[in-house]
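Structure first, then comments.
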Amino acid sequence: MRVGMTVLPEYSGESARKIWASVEEYGFDHGWTFDHLGWDGLLDGPWYGTMPTLTLAALVTSRLEIGTLVASPNFRHPVTFSRDLIGLDEISEGRLTLGVGAGATSGYDVDVFGAGAPKSRVRRFGEFVELLDRLLREDHVSFQGDYYSAVDARTVPGCRQRPRLPFIVAANGPGAASVAAQYGQGWVTIGGMAERLDEWWGLVSEASDRMTAALATHGREADPEFRRMLQTDAAPVLSIQSADCFDDFLGRADELGFTDVVAPWPRAQGPFSAPRSVVDRIAADVLPRWRTPGND
1 MRVGMTVLPE YSGESARKIW ASVEEYGFDH GWTFDHLGWD GLLDGPWYGT
51 MPTLTLAALV TSRLEIGTLV ASPNFRHPVT FSRDLIGLDE ISEGRLTLGV
101 GAGATSGYDV DVFGAGAPKS RVRRFGEFVE LLDRLLREDH VSFQGDYYSA
151 VDARTVPGCR QRPRLPFIVA ANGPGAASVA AQYGQGWVTI GGMAERLDEW
201 WGLVSEASDR MTAALATHGR EADPEFRRML QTDAAPVLSI QSADCFDDFL
251 GRADELGFTD VVAPWPRAQG PFSAPRSVVD RIAADVLPRW RTPGND
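And the structure:
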């Protein structure tokens with residue numbers, strides 16, 4: 001089992017450097033940040049750009065896999081985004097992974113542009129990932145779709161990771177699961193919204209079954225390298241409220257076939273608030289029991 005933390009892009013200067021360095025020093029396998037222009041509920045506080053945040057993370061770590069959870073088409077275009085990704089893959093010396101999803105239909109990222117949601121999120125998402133996949137693999141890319149186009153887009157030097165950096169595709173429904181099966185090196189889910197923890201685990205299990213079906217449809221059901229990632233942010237119980245609770249989350253995820261689990265970095269107040277001492281306990285008592293061979 002590989003275990004990671006999501007650090008919101010709200011920390012500046014020395015605070016951000018210390019947190020990202022700590023994620024690696026604690027022994028986590030990966031560190032992620034949200035890709036939003038602002039997050040509902042935290043709009044009045046500091047919020048920094050995703051790619052500069054991950055650049056800082058890359059510069060203060062040496063082993064940690066870093067990435068977005070998740071980027072989306074809501075405010076990104078594949079041509080411009082590909083340049084940022086290629087640059088960050090080089091800066092991180094090949095430690096960048098792209099978490100990518102279809103994007104929400106409401107919320108600040110949608111409302112700020114005043115244009116509303118697209119007619120088909122899934123079709124737009126499919127185009128976004130298809131074009132981004134080509135841009136990160138090829139040079140001189142031309143593309144014409146319903147939502148995106150490119151004319152002889154140049155992408156030299158390409159990704160440091162070959163043939164391109166990995167995609168972890170967010171999916172709960174069958175349409176996005178199909179995109180994950182076609183283009184992803186892995187899949188991530190938040191399960192869904194539920195009032196009780198047992199209901200949430202039921203949603204996680206159903207999403208996992210849909211992903212399994214999509215992989216079978218695309219002939220990838222036996223792919224041993226395909227990652228299954230559970231992001232615990234949406235669970236009705238905070239996964240990091242205690243070390244024992246987090247250990248239970250890892251056990252349940254393992255039973256459902258997940259290879260990776262991502263939890264929120266504890267905040268001082270508001271969403272994901274928990275004492276930092278919980279992370280101390282997780283690092284000392286929980287992570288060693290779940291260490292994936294080769295990730296030491």
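Just so you know, our numbering puts 113 at position 113 of the sequence shown, and the rest follows in order with no gaps.
Just so you know, even glycine gets a beta-carbon here, dropped at the ideal spot from N, CA and C.
- Assignment of residue 86 by DSSP, reduced to helix, strand and coil, places it in the helix class.
- Within its own chain, the residues whose Cβ lies closer than 8 Å to the Cβ of residue 218, once the five positions on either side in sequence are excluded, are 178, 181 and 182, listed in chain order.
- Each of 237, 108 and 84 was checked against the Cα of residue 97, and the nearest Cα belongs to 84.
- Between residue 143 and residue 134, the gap from beta carbon to beta carbon is short of 8 Å.
- Within 10 angstroms of the beta-carbon of residue 157 lie fewer than 16 other beta-carbons, which makes it exposed.
- In this chain, the beta strand (DSSP E) harbouring residue 228 covers 227 to 231.
- Residue 214 is a Cβ neighbour of residue 174, given a cutoff of 8 Å.
- Taking a 10 Å sphere around the C-beta of residue 277, we find fewer than 16 other C-beta atoms and assign the residue as exposed.
- For residue 96, no alpha helix (DSSP H) run applies; the uninterrupted beta strand (DSSP E) run containing it begins and ends at 96 to 100, by DSSP.
- Under the DSSP assignment, residue 160 falls outside any alpha helix (DSSP H); it carries neither an H nor an E label.
- Excluding its 5 nearest sequence neighbours in each direction, residue 63 has C-beta neighbours in its own chain below 7 Å: 24, listed in chain order.
- Across the structure, residue 78 and residue 153 are spaced so that their CA atoms are roughly 10 Å apart.
- In the DSSP assignment, residue 264 is bridged to 6.
- In the three-state DSSP reduction, residue 143 falls in the strand class (E or B).
- Between the region 98 to 106 and the region 118 to 129 there are three or more C-beta pairs closer than 8 Å, enough to call the two in contact.
- Going by C-alpha positions, residue 149 is about 41 Å away from residue 270.
- By the criterion of a C-beta distance shorter than 6 Å, residue 283 is surrounded in its chain by 26 and 27, once the five residues flanking it on both sides are discounted.
- With a contact defined as Cβ atoms closer than 8 Å, residue 185 and residue 226 qualify at about 7 Å.
- Within the same chain, and ignoring the five residues on either side of residue 45 in sequence, the residues whose Cβ sits closer than 7 Å to its Cβ are 10.
- Residue 200 is not a Cβ neighbour of residue 166, given a cutoff of 8 Å.
- Closest option to residue 211, judged by alpha-carbon separation, among 75, 263, 8 and 171: 171.
- In this structure, the straight-line span from the alpha carbon of residue 204 to that of residue 37 is close to 27 Å.
- Distances from the alpha-carbon of residue 34 to those of 224, 70, 16 and 268 put 70 closest.
- Taking a C-beta distance under 8 Å as the contact criterion, residue 207 and residue 191 qualify as a contact pair.
- Between the alpha carbons of residue 112 and residue 74 lies a distance of about 10 Å.
- If you draw a 10 Å sphere on the C-beta of residue 49, you find fewer than 16 other C-beta atoms in it, and that means exposed.
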